[in-house]
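Numbering (the UniProt record's numbering), first residue to last: 1 to 642.
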Amino acid sequence: MHGLRPALWCLLASALTTALLTASAATAPVAAGSTSYDAANSEPAASIDVSEEKIAPPVTDLLAGVNHRWPQNGLGMWDAANDRPSADMVELSERLDMSMIRYPGGTVANLFRWKRAIGPQSQRQCQTGGGFVGNQQPMDSVYGVEEHFRFAEQIGAQTQIMTSSVQSVQDAADFVEYLNAPASSNPGGGTAWAAVRAANGHPAPYGVKLWEIGNELYLGNQVYWRAQDLATRVRQYAFGGTEQKTGEPVGLDCDNRDSASISTGRPGQLMKVRWAPAVPGSQTIKVAGQPWRQVADLAQAGPADQVYQFEPASGQIRFGDGTHGAVPPKDSQVTADYVSGPHPGFVDYYRAMKAVDPSISVCTAWEKTEWIELMGSEHPYDCIAPHLYGHPVLGGSTAEIHDRWFADPARDAHAVMAELRDLDAALDAEFGQKPSPRRPFIAVTEWGVIAQAGTGPPPAGWANSVSWTLNAADMLGEMIEHGVKMMDVSNLNREVPTPGELFGGAPDFHWTGRANLIKLFTELIGTTPVEVETNQVPTASTGDYQALTAYGTRGNDGVTRVVVVNRDRQQAHTGTIVNTGGKGLADVHVLTHNGPDIASVNTPADESVIATTESTKVAKARSVLHTFEPHSVTLLEIRPRR
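Spelled out as C-alpha cells, the structure:
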C-alpha cells in the first residue's frame with residue numbers, strides 16, 4: 001500500500017490487538033449464527049452481517065474529489081512568481097490520488113467571469129467575489145483557467161466546472177466551447193473559442209464532462225438578482241425572469257460592496273447597477289436620495305444639470321464631469337430602483353451548453369426536492385449537486401464535542417444524509433427507481449462540517465482531529481451506500497496556516513487526518529456496495545450513541561471489504577463479521593486509520609500522528625472476529641479461499 005505512513009504507537013496497538021485475538025479462544029473460527037464475546041469488555045461481540053445484496057453501483061474513482069477556490073492564487077497554492085503550483089500541493093494531491101477538482105469554487109465563484117481569467121496575465125481583468133472568501137469585493141484572476149488546468153493535468157485529476165448562474169447564456173455556451181471543442185471547430189458560432197484556447201497554449205480540448213450551474217442559490221447570502229422569497233427564487237433559477245430592485249446601492253466594475261456606491265466627487269464617474277441587464281426605462285438613479293435624470297448624451301448637458309447616461313445591457317451609469325453634467329457630491333450615496341433582467345434560467349443554460357457539447361452532464365445547484373417537483377420530467381437536467389454538511393454544536397473540549405455530536409440524532413452523519421434520502425425518494429417518484437437512464441444522478445459537489453451558528457470556537461486542530469474523521473467516515477460510508485457518483489470534500493486549502501481543510505493552509509500544506517481517511521476509502525473504488533446489517537452493537541462507553549457502524553462492498557476479485565467505525569473514544573469493541581458469500585476464507589488484510597487520542601491532529605512538523613497501519617490475520621471459517629481500536633476506522637479486506 002503506497003502512501004501509508006504508520007505511527008509507532010499504531011503499530012504497537014495493532015500488534016497488541018492481533019496478539020490478543022490470536023491468544024484468545026474467541027479467535028477460533030466462529031460459525032455463522034453463533035454468539036461470540038468481547039473478552040475485554042465482557043459483552044457479546046457485535047454481529048456485522050455482510051450480505052450479497054447489491055445496493056448501489058460500483059464506487060467510482062471520483063470519491064477522492066475536492067472543492068477548490070480560485071482567489072488569491074488559489075488561496076496560496078499557486079506560485080505566481082514561478083508560474084507553477086506549489087510543489088508540496090502537487091506531492092500531496094498525487095499521494096491522495098485526487099481524482100476530481102471543482103473549479104473555480106463555490107460561493108466565492110458565483111460571480112466569476114471566465115473570459116477575464118484566460119490568456120496572458122497582462123490582459124486579465126478583475127473579478128467580483130461571490131461571498132464568503134470575497135464579500136462581493138474586487139478580486140484578481142491570477143489563478144485562472146489555464147493555471148488551474150495545468151495543476152489538474154499535472155496531478156492527473158479531472159475538473160468539474162461550477163459556472164455562474166448570473167452570466168449570459170452566450171458566455172456559458174462559449175465556456176463549454178473553450179474547454180471542450182476541437183481547436184479547428186466552432187460549434188457555438190461567433191468567436192472561435194476553441195481556437196482562442198489553442199492560442200493560449202492548449203490545442204487539445206480539456207474535455208470537462210461535469211458542469212454545475214451556480215452554487216447554493218437557495219441560501220440568503222447567495223440571492224444576487226433573484227427574489228428573497230424561496231418559491232419565487234427557485235422558479236427564477238429554473239426559468240429566468242425579472243426582479244424589481246428598490247433602493248439598491250450601485251457598484252463599480254468588480255465591486256458590489258455598499259462602499260462602492262459612495263461618490264468620490266471626481267468628474268466622469270462610472271458606476272453600474274449590480275444586476276444587469278436592466279429593463280430599459282425601468283431605472284431611477286438617485287444621488288443622496290434625490291432622483292437624477294437620464295439623458296442620451298452628456299455632451300448636451302450643462303454644468304449644474306443633475307443627469308446621467310445609462311446603458312441597460314451592461315447596467316453602466318455615467319455621470320458628468322462638471323462641465324457637461326454635474327458631479328455627484330463627494331460622499332453622497334448613489335442608489336438605483338430598476339427592474340433587473342430579463343435573465344436566463346437553468347433551462348436556457350442547459351439547452352445552449354448541450355448544443356455545443358451534447359456529451360456533458362449539466363447539474364442543478366438547487367439541491368432540494370422542490371426542484372424535482374418543479375422540473376418534473378418535462379425540463380431536463382442531468383444531475384443534482386447537493387452540499388452535505390454536518391453542523392455540530394461546538395464548545396468545550398474535543399471529547400465533549402465528540403460525545404455531544406455523536407449522541408445527537410439530529411446532527412450526526414446519518415441525519416446529514418437525510419437530504420440524500422429525500423432526494424432519492426423524490427427522484428424515484430418522478431423517474432422510477434435506479435437504474436434508469438432518464439434518472440438524474442447525484443453528484444455531491446461539497447461535503448464536510450460547518451459549526452452550528454453561534455457555537456464554538458472549537459479547540460485548536462479540531463477540524464482535522466481524529467474525532468472529525470470518524471464523522472467523515474460515516475458520511476463517506478453513507479454516500480457510497482447511496483450510489484453517489486462524485487464526492488468533493490470541502491476544501492482543498494486555505495490562504496493561511498490552518499489545521500483544517502484537506503491539506504491545511506499556505507504555506508504549510510501537509511498530510512492531514514482528513515486526507516488520510518479519504519485515502520483509506522479509495523481502497524473501495526471499483527467495488528460494489530452491499531447491504532450490511534449490524535446487531536448487538538454496544539453503546540459507547542462515554543455517551544448515549546452506537547459505538548460501531550459498518551459499511552461493506554464486494555469486488556470482482558471476490559474480496560469482501562468492510563469498513564467499521566469505532567466511535568467510542570475510550571473503549572475497544574469486538575465484532576464478528578459474517579461473510580455470507582458461501583465460501584471459506586483465506587486471510588484478512590487489515591488497514592486501521594487512527595491516532596493516539598480523539599483530539600490528535602497532524603501538523604506540518606509531524607504528518608504521521610494520524611496514520612494508517614496494516615496487518616494480516618488468518619481466517620479459517622466463514623466469519624472474522626476482530627477487535628476495533630477506540631476512535632478508529634478499520635478496513636478489513638476479507639479474501640476468499642481459492
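Don't be surprised by glycine CBs; every beta carbon is placed ideally from N, CA and C.
Note that the structure is a prediction, hence the values are computed from the model and not measured.
Straight-line CA distance for residue i to residue j?
i           : j           : result
residue 15  : residue 595 : For residue 15, the pLDDT reaches just 39, beneath the cut-off of 50, and the residue's location in the model is therefore unreliable, although a value from the coordinates is still provided. Approximately 15 Å, taken between the alpha carbons.
residue 431 : residue 268 : 57 Å
residue 561 : residue 623 : 13 Å
residue 30  : residue 44  : Caution is warranted here: a pLDDT of 36 is assigned to residue 30, below 50, making its placement in the model unreliable, and no coordinate value can be reported.
residue 118 : residue 542 : 54 Å
residue 519 : residue 578 : 26 Å
residue 546 : residue 463 : 22 Å
residue 490 : residue 514 : 10 Å
residue 199 : residue 145 : 14 Å
residue 300 : residue 109 : 41 Å
residue 131 : residue 609 : 35 Å
residue 474 : residue 258 : 42 Å
residue 76  : residue 65  : 19 Å
residue 382 : residue 507 : 38 Å
residue 555 : residue 526 : 7 Å
residue 586 : residue 627 : 19 Å
residue 421 : residue 435 : 16 Å
residue 80  : residue 137 : 21 Å
residue 415 : residue 308 : 54 Å
residue 400 : residue 455 : 13 Å
residue 305 : residue 326 : 5 Å
residue 222 : residue 114 : 19 Å
Could you give the residue range of the beta strand (DSSP E) that holds residue i?
i           : result
residue 245 : 241-249
residue 434 : Segment: none, residue 434 is in no beta strand (DSSP E) and carries neither H nor E.
residue 637 : 632-640
residue 529 : 528-535
residue 617 : 611-618
residue 51  : 46-54
residue 587 : 585-594
residue 98  : Run containing residue 98: none; DSSP gives neither H nor E here.
residue 341 : 334-343
residue 354 : Here residue 354 belongs to no beta strand (DSSP E); instead the alpha helix (DSSP H) covers 346-356.
residue 317 : 316-319
residue 311 : 307-311
residue 566 : 560-566
residue 363 : 361-364
residue 623 : 623-628
residue 65  : 65-67
Between which two residues does the alpha helix (DSSP H) harbouring residue i extend?
i           : result
residue 286 : Careful: residue 286 lies outside any alpha helix (DSSP H), inside the beta strand (DSSP E) at 284-287.
residue 209 : Run containing residue 209: none; DSSP gives neither H nor E here.
residue 77  : Premise fails: residue 77 is in no alpha helix (DSSP H) and is neither H nor E.
residue 551 : Counting along the chain, residue 551 falls outside any alpha helix (DSSP H), though it belongs to the beta strand (DSSP E) covering 548-554.
residue 218 : Looking at the DSSP string, residue 218 is not in any alpha helix (DSSP H), and its letter there is neither H nor E.
residue 520 : 513-521
Count the other C-beta atoms from every protein chain shown that fall within 10 angstroms of the C-beta of residue i, then say buried if there are 16 or more, exposed otherwise.
i           : result
residue 384 : buried
residue 184 : exposed
residue 255 : buried
residue 568 : buried
residue 409 : exposed
residue 140 : buried
residue 675 : It is not possible to answer for residue 675, since the shown part of the chain is limited to 1 through 642.
residue 158 : buried
residue 52  : exposed
residue 392 : buried
residue 231 : exposed
residue 451 : buried
residue 125 : exposed
Out of the options, state which residue places its alpha-carbon closest to the alpha-carbon of residue i.
i           : options               : result
residue 206 : 51, 147 and 511       : 147
residue 128 : 171, 253, 149 and 82  : 253
residue 600 : 402, 416 and 617      : 402
residue 374 : 244, 525, 346 and 77  : 346
residue 279 : 257, 598 and 311      : 311
residue 593 : 613, 606, 237 and 574 : 613
residue 335 : 349, 323 and 317      : 317
residue 363 : 419, 483, 203 and 238 : 238
residue 120 : 59, 197, 165 and 70   : 197
residue 143 : 70, 89, 354 and 105   : 70
Output yes if chain C places a C-beta closer than 7 Å to the C-beta of residue i; else output no.
i           : result
residue 296 : The structure shown has no chain C; it contains just one protein chain.
Please give me, in chain order, every unbroken run of the beta strand (DSSP E) with length at least 3 that falls completely inside the region 367-416.
387-390
Kindly provide the ranges of any beta strand (DSSP E) runs that are 3 or more residues long and lie completely inside the region 154-204, ordered along the chain. 158-163
**Asked** Hey, which unbroken runs of the beta strand (DSSP E) at 3 residues or more fall wholly within the region 420-493?
**Response** 441-449 and 486-490
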